[in-house]
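Numbering (our numbering), first residue to last: 1 to 379. A virtual CB, placed ideally from N, CA and C, is assigned to each residue, including glycine. Computed from a prediction, not measured in an experiment: that's the story for all the values here.
Here is the structure:
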């Protein structure tokens, strides 16, 4: 633990001379890809990382984080076998359990298995599985490019079109992921899709996802990083039929509706959404901007004394309306119990915390805001 602290202190002292690097403009899609890729790697870099209940947490310099992104860290979790006439992805498994970095659950029926493989150009695309809540859909995908990109970077999918029961979903859709095969050819992407409030529940569902063109960026030549390598062109459509009962079988929502103000913004804590694989608290803000940025958490314990920590998983932000919708997911790595085990709790006793992101290097100074609140489960 002491060595870990020394490493953090050294990282916090890192200084990079960025004046010698050419300025690069990236799209929102590429920004999300890089941000969530680095965040995912840092969150899951150690499988035995001890819990940190300190009021202060070390923060790396933003420049250091970007430097890590340019290094193109990899997470080898699968190995390609000898080439065959069928797609490698047909036998390769990387479910939401793997993608979310959580332990196996007592049942595999808690996710919606899709297991469909299509092609875009020379690449194979697989929709592995998905989860759905009332207003949030997670789609777990794999992209097999056949070989390592070496000096290039897989940027993502150029165009994504989702429809439910024939109605196009036009709301926010972001993605994040990492490389998951030992030969660095298979890439994971999780689509996080906000569903419109008027998305109506019917008895039967047809979820159709169309993906078009894969974009690649040049990472070896700094002068060309604004330029994309010719894309892998093609189009693939996946279709899943399921039922209302199947979608809602393992999900529950508990209303909270607490208003509070930090030193920067006002928030409304809306609800707790639970699932054996993934549980999160949804919060919104009507006066939020991405600068200055603050880190928010919700901490507490259940009625059995198990410590809980909900941290920022993903968010959507409408700059024109300064409207923010965030999801604080239960961090199983930093909590005493898993999302599945939390379903056995009777009550959760929680408190909201926030810390302003330091301009340079330093520690996150968390402060509590608002009143403590209790959520009664299974009621």
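Contacts around residue 315, its chain only, beta-carbon distance under 8 Å, and the 5 residues preceding and following it disregarded: 324, 325, 326 and 327
Residue(s) in a DSSP beta bridge with residue 218: 152
Terminal residues of the alpha helix (DSSP H) in which residue 99 lies: 96-99
8 Å contact criterion, which residue 139 and residue 209 should meet: CB distance rounded: 6 Å
Residue from 306, 317, 338 and 334 whose Cα sits closest to the Cα of residue 283: 317
Residues that DSSP places opposite residue 383 in a beta bridge: Because the chain here runs from 1 to 379, residue 383 falls outside it and cannot be looked at.
Whether residue 243 touches residue 204 by CB criterion (8 Å): yes
Length of the line joining the Cα atoms of residue 112 and residue 360: 43 Å
Straight-line Cα distance separating residue 364 from residue 8: In this prediction, residue 8 has a pLDDT of 41, which is less than 50 and means its spatial position is unreliable; what the coordinates show is noted afterwards. Approximately 13 Å between the Cα atoms of the pair.
C-alpha gap between residue 154 and residue 231, whole angstroms: 10 Å
CB-CB length for residue 311 against residue 275, believed under 8 Å: Actually they do not touch by this definition, with Cβ atoms about 17 Å apart.
At least 3 beta-carbon pairs within less than 8 Å: the region 292-310 vs the region 339-350: yes
Separation of residue 118 from residue 235, as counted between CA atoms: 9 Å
Simplified DSSP assignment, three categories, for residue 158: strand
Residue environment, residue 273, which counts as buried when at least 16 other CB atoms sit within 10 Å: buried
Rounded separation between residue 176 and residue 358 - CA only: 24 Å
Terminal residues of the beta strand (DSSP E) in which residue 365 lies: 362-365
Assigned exposure category for residue 156 - 16 Cβ within 10 Å defines buried: buried
Cβ distance (whole Å) where residue 353 is taken to contact residue 297 below 8 Å: 5 Å
Residues near residue 339 in its chain [Cβ-Cβ closer than 8 Å; skip 5 each side]: 102, 274, 275, 276, 277, 278, 279, 330 and 332
Cβ-based burial, residue 110 [other Cβ within 10 Å; buried from 16]: buried
Nearest-angstrom Cα separation, counted from residue 195 out to residue 294: 25 Å
Span of the alpha helix (DSSP H) around residue 121: No alpha helix (DSSP H) holds residue 121; DSSP gives it neither H nor E.
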